[in-house]
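Student: In our numbering, the protein residues as written are 1 to 192.
All C-beta atoms, glycine included, are put in the ideal place defined by N, C-alpha and C.
This structure is a prediction, so every number in the text was calculated from the model and none was measured.
Here you go, one structure.
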Amino acid sequence: MTFTDKLRKFFANFLNTIGGWLLKTGISPNTITITGVIFNVAAAYFIATGSLRLGGLIVALSGPLDALDGTLARLKQNNRPFGGLLDSVADRFSEMAIMFGLLLYFFGRGHLLGVILVFAALTGSVMVSYVRARAQSLGCDPKIGLLTRVERYLITSLCLLFAQPLAGLWVLAVFTYVTVFQRIWFSWKELH
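Rendered as structure tokens:
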């Protein structure tokens, strides 16, 4: 069981309660997904302008929306393929928006190492998702690794809340590539 699965199990009752309330309001899962993207774009703006803690707070608040859209879809018995696609695209877009905010933050301060770490963290993150998607198309699901979406989100939001973006970027830059290797290794064993 992955860390993400453990978190979902731990927060299942809470998510089901909130999801049940949202179900009564008539809000669609896709609306929740898009709201999460809007929050993350706003966070990216604040990060770019130097308000790291405020950006981190917005990122932290938007995180539960990522779990709520899926819970709401399940409660509505509305697990359509498009909703899953939209959720995946929204996750990537949100992550890229936050990294773009960090890129502007470091670029504006002439901090070359920060710019390089943003690039490394972002490409590593994209590769983590890409390897899983490509492996799924070949018949296996490498849903493993040190830094899945949830861990990356937690590291990013915590480092922003503590105004230590370089520390978070170092962790992301190194361990996303470890995760890529873990997923490729898993897929090699499954598909070989």
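Please state the DSSP three-state secondary structure of Pro142.
Tutor: For the purposes of this step, residue 142 is identified with residue 142 of the sequence shown, where counting begins at 1. Pro142: coil per DSSP, three-state reduction.
Student: Under a three-way DSSP split, which group does Ser28 fall into?
Tutor: In the sequence shown, residue 28 corresponds to position 28, counting from 1. Coil, per DSSP.
Student: Give a yes or no on whether the C-beta atoms belonging to Leu68 and Leu154 are separated by under 9 Å.
Tutor: The residue labelled residue 68 in the question sits at position 68 within the sequence shown. The residue labelled residue 154 in the question sits at position 154 within the sequence shown. Not a contact, by the Cβ cut-off of 9 Å.
Student: Does the beta-carbon of Gly101 have 16 or more other beta-carbons within 10 angstroms, so that it is buried, or is it exposed?
Tutor: Along the sequence shown, one-based indexing puts residue 101 at 101. Classification for Gly101: buried.
Student: Spatial neighbours of Thr148 within its chain, please: C-beta separation below 6 Å, excluding the five flanking residues on both sides.
Tutor: Counted from its first residue, the sequence shown places residue 148 at position 148. Only Thr4 meet the Cβ criterion.
Student: Does the beta-carbon distance from Thr176 to Gly124 come in below 9 Å?
Tutor: Taking the sequence shown and counting its residues from 1, the one referred to as residue 176 is at position 176. Taking the sequence shown and counting its residues from 1, the one referred to as residue 124 is at position 124. Going by C-beta atoms, Thr176 is nearer than 9 Å to Gly124.
Student: Within the same chain, show all residues whose beta-carbon is closer than 6 Å to that of Pro29, passing over the 5 residues directly before and after it, in chain order.
Tutor: Counting from one through the sequence shown, the residue named residue 29 turns up at place 29. Asp69, Leu72, Ala73, Gly83.
Student: Any idea if Gly139 is buried or exposed, counting beta-carbon neighbours within 10 angstroms, 16 or more meaning buried?
Tutor: Counting from one through the sequence shown, the residue named residue 139 turns up at place 139. It is exposed - the Cβ of Gly139 has fewer than 16 other Cβ atoms within 10 Å.
Student: Do Ile47 and Leu112 have their beta-carbon atoms positioned less than 9 Å apart in this structure?
Tutor: Your numbering for residue 112 matches position 112 in the sequence shown. Your numbering for residue 47 matches position 47 in the sequence shown. Contact: no.
Student: Tell whether a beta-carbon distance below 9 Å holds between Leu169 and Gly56.
Tutor: Taking the sequence shown and counting its residues from 1, the one referred to as residue 169 is at position 169. Taking the sequence shown and counting its residues from 1, the one referred to as residue 56 is at position 56. Contact: no.
Student: On the three-pair Cβ rule with 8 Å, is the segment 126-143 touching the segment 178-185?
Tutor: yes
Student: Cα separation between Ala60 and Leu54?
Tutor: Position 60 of the sequence shown holds residue 60. Position 54 of the sequence shown holds residue 54. Their backbone Cα atoms lie some 10 Å apart in a straight line.
Student: Taking the Cβ atom as the reference point for each residue, do Asn40 and Ile58 lie within a distance shorter than 9 Å?
Tutor: Residue numbering aside, residue 40 sits at position 40 when the sequence shown is read from its first letter. Residue numbering aside, residue 58 sits at position 58 when the sequence shown is read from its first letter. Yes.
Student: Using the C-alpha atoms, what's the distance from Ile34 back to Met99?
Tutor: Translated into the one-based positions of the sequence shown, residue 99 becomes position 99. Translated into the one-based positions of the sequence shown, residue 34 becomes position 34. The straight-line gap from Cα to Cα measures roughly 18 Å.
Student: Keeping to the same chain, check which residues put their C-beta closer than 6 Å to that of Phe106; ignore five residues upstream and five downstream.
Tutor: The residue given as residue 106 occupies position 106 in the sequence shown. Only Gly114, Val115 meet the Cβ criterion.
Student: To the nearest angstrom, how far is it from the Cα of Asp87 to the Cα of Ile27?
Tutor: Taking the sequence shown and counting its residues from 1, one reaches residue 87 at position 87. Taking the sequence shown and counting its residues from 1, one reaches residue 27 at position 27. If you take the alpha carbons of Asp87 and Ile27, they lie about 15 Å apart.
Student: Can you tell me whether DSSP reads Phe162 as helix, strand or coil?
Tutor: Within the sequence shown, the letter at position 162 stands for residue 162. When secondary structure is reduced to three states using DSSP, Phe162 falls in the coil class, being assigned neither helix nor strand.
Student: Whose C-beta lies closer than 6 Å to the C-beta of Ala135 among residues of the same chain, with five residues either side of it excluded?
Tutor: For this step, residue 135 is matched to residue 135 along the sequence shown. Around Ala135: Pro142, Ser187.
Student: Would you identify the three-state DSSP class for Asn219, choosing helix, strand or coil?
Tutor: Examination of residue 219 is not possible in this model, given that the chain is present from 1 through 192 alone.
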